[in-house]
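Let me begin by presenting the structure, written as structure tokens, before commenting on it.
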Amino acid sequence: MPFYNGSNEEVFAIENATEVTNFSSPEQITKSPMCTRGFYWPIHSPLIAFLLLILAANGIEIVLMAWKETLRTVSNMFLVSLAVSDFLFGLVGIPLYIICSLEISFKACVSSVLVVRFTAISSVFHLLVIACDRYAIIVHSMTYHQRLTKPRATVLITFIWSLAFLSSFIQLSWYNVSSNSLTIKEGKVQFDRVYLLFVLVVFLLMPLLSMLLAYSHILLISLRHIFAVRRRQRNLDQRLAPIVHDLRGTFILATMMLIFIGCWLPFFLQMLHDHIPEKFFVINQNWGFCLIIYLRFIPPLTNPLLCAFCKRDFRRAGSSLIRQPWWPSPANLYSFPSFSGARDRTTSTVNDATCSERPNSI
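Each residue of the sequence shown is one higher than the one before, counting from 8 in the numbering used here.
So this is what it looks like as structure tokens:
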């Protein structure tokens with residue numbers, strides 16, 4: 008997505024898909040990638056399906072957290088905050104990108120760049136905090152609840168949102184903003200490149216390295232535990248469960264890391280690639296940019312599936328929500344509350360609280 012300079016016809020690209028505005032020349036339109044020459048139905052129409060799926064998946068997670076009191080744990084606070092970030096991406100980011108593709112508003116293109124970057128940085132840091140939280144649960148299980156309380160988690164979540172907002176919108180401070188153009192201030196081109204290098208290192212490479220270290224340690228501990236249990240069962244002549252079932256959590260962690268690297272790394276590298284004269288890689292003009300565009304829509308859809316719905320407590324809450332009657336039956340419509348019904352509800356509440364204290368699977 009470019010910050011377009013209408014005065015000297017120079018495009019300062021700051022995103023991985025360079026959008027063409029109404030101020031572009033015919034030569035620029037011809038040289039631009041196929042999927043960024045305006046709205047092209049076969050390429051851009053599937054974004055509507057992505058929008059609906061992202062809103063549905065993250066919306067269900069948010070509703071479950073609000074509906075089920077037993078889900079309001081410290082770990083799930085980070086998951087729901089991530090779901091809010093991804094929900095915001097689907098609710099605001101994708102519509103702005105479609106409006107920009109239709110060339111309706113130049114400001115929509117600029118807003119799309121900022122919203123996508125804001126939600127990207129927010130998602131990366133949420134995933135980093137989730138990884139550290141899982142590491143603390145496994146390695147420091149005895150002191151976890153004393154160290155990480157709900158007030159501290161709230162402060163940490165507020166810091167993530169503030170950091171993502173400031174780091175995304177601060178770039179406007181060295182650009183001149185008008186109604187139909189966005190030009191960089193004199194002498195700020197090198198400063199802009201330093202900023203993008205800082206974003207790549209601090210907001211991608213460092214979180215990626217930290218997540219790899221945390222999940223590698225978690226993986227070693229879980230594998231050691233799995234094989235120790237299987238060895239004990241074999242010595243006692245007990246029936247062994249399929250190894251695939253025991254390694255389910257390992258597969259989920261590996262999938263999360265592959266999606267993180269495969270989707271966010273091209274996003275940030277292309278952002279840097281558009282600002283430096285040296286070209287470290289060549290992108291196919293026909294399908295390369297289109298692939299990078301779609302890769303950034305995958306994490307907001309897979310995050311709730313891998314982070315939340317793979318946990319036992321969210322699955323139980325989802326099943327309970329599906330079985331919940333949405334309208335009163337005729338027999339109960341005119342009935343008065345009884346002591347037995349109150350006793351059943353009290354027993355159900357106690358059972359839910361007991362289940363929430365059990366350790367949840369990944």
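Heads up, the beta-carbon is just placed ideally off N, CA and C, and yes, glycines get one too. Since we're looking at a predicted model, the values are computed, not measured.
Item, Value
"LEU254 by DSSP, collapsed to three states: which one?", "coil"
"Quick one, are the C-beta atoms of LEU371 and PHE275 less than 8 Å apart?", "A question about residue 371 goes unanswered here, because the residues of the chain that appear run from 8 up to 369."
"Please report how far the alpha carbon of TYR104 lies from the alpha carbon of PRO158, in whole angstroms.", "36 Å"
"Do ILE266 and ILE299 have their beta-carbon atoms positioned less than 8 Å apart in this structure?", "no"
"With a floor of 4 residues, list each alpha helix (DSSP H) that falls wholly inside the region 117-154, ordered by position along the chain.", "151-154"
"Here's the rule: buried if 16 or more other CB atoms are within 10 angstroms of the residue's CB, otherwise exposed. What is LEU230?", "exposed"
"Give me the DSSP bridge partner(s) of ASN183.", "THR190"
"Determine the closest residue to SER174 out of PRO311, ASP199, HIS152, with distance taken between C-alpha atoms.", "ASP199"
"Under DSSP, the alpha helix (DSSP H) around PRO49 begins and ends at which residues?", "48-51"
"Nearest to LEU89 by alpha carbon, out of ASN310, LEU54, LYS318, LEU226?", "ASN310"
"Could you check if TRP74 is buried or exposed, using at least 16 other CB atoms within 10 Å of its CB as the buried criterion?", "exposed"
"Answer yes or no: do LEU135 and SER217 have a C-beta to C-beta separation smaller than 8 Å?", "yes"
"Would GLN277 be called buried (16 or more neighbouring beta carbons within 10 Å of its own) or exposed?", "buried"
"Quick one: what does DSSP say CYS297 is sitting in, helix, strand or coil?", "helix"
"How far does the alpha helix (DSSP H) with ALA160 in it extend, from its first residue to its last?", "157-176"
"Can you give me the C-alpha to C-alpha distance between VAL117 and ILE329, rounded to a whole angstrom?", "41 Å"
"Just verifying my parser: in three-state terms, what is the DSSP assignment at ARG200?", "helix"
"Pull up the distance between the alpha-carbon of LEU60 and that of GLY97, whole angstroms please.", "9 Å"
"With 16 other CB atoms within 10 Å as the buried threshold, where does PHE125 fall?", "buried"
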